[in-house]
Amino acid sequence: MLDAEAQQLIRSAMSQLQLSARAYHRVLKLARTIADLAGEESIRPAHVAEALQYRPKEMLG
């Protein structure tokens with residue numbers, strides 16, 4: 001589950017980076033894994049930001 005700030009961050013990233021629905025779900029899945037490894041129940045903005053950093057550089061425009 002995304003907290004409100006994380007949800008806002010991923011929506012912002014989706015529009016700025018022009019993410020497809022598939023890319024959105026990949027980022028969300030990776031953020032969930034990062035949150036799990038950190039022992040968190042919800043996905044926080046730091047988890048989303050870290051997941052976005054792992055995207056290939058050529059995809060970032």
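Position one of the sequence shown corresponds to residue 1 (this note's numbering), numbered consecutively onward.
The beta-carbon is built from N, C-alpha and C at its ideal position, and this holds for glycine as well.
Classify Leu37 as buried or exposed, calling it buried when 16 or more other Cβ atoms lie within 10 Å of its own Cβ. In the sequence shown, residue 37 corresponds to position 37, counting from 1. Leu37 is exposed by the Cβ-count criterion.
If the criterion is Cβ atoms closer than 8 angstroms, does the pair Arg55 and Ile43 meet it? On the sequence shown, position 55 is the one that residue 55 refers to. On the sequence shown, position 43 is the one that residue 43 refers to. Taking 8 angstroms as the Cβ cut-off, Arg55 and Ile43 do not qualify as a contacting pair.
Could you tell me if His25 is buried or exposed, where buried requires 16 or more neighbouring beta carbons within 10 angstroms of its beta carbon? Sequence index remark: in the sequence shown, residue 25 carries index 25 (1-based). The residue is exposed, with fewer than 16 neighbouring Cβ atoms inside 10 Å.
Output yes or no for whether 8 angstroms exceeds the beta carbon distance between Val48 and Leu17. By 1-based counting over the sequence shown, the position of residue 48 is 48. By 1-based counting over the sequence shown, the position of residue 17 is 17. Cβ distance not < 8 angstroms, so Val48 and Leu17 don't count as in contact.
Which whole-angstrom value describes the C-beta separation of Ala51 and Val27, a residue pair presumed to lie in contact below a C-beta threshold of 8 angstroms? Counted from its first residue, the sequence shown places residue 51 at position 51. Counted from its first residue, the sequence shown places residue 27 at position 27. Their Cβ separation, rounded to whole angstroms, is 5 angstroms, which keeps Ala51 and Val27 in contact under 8 angstroms.
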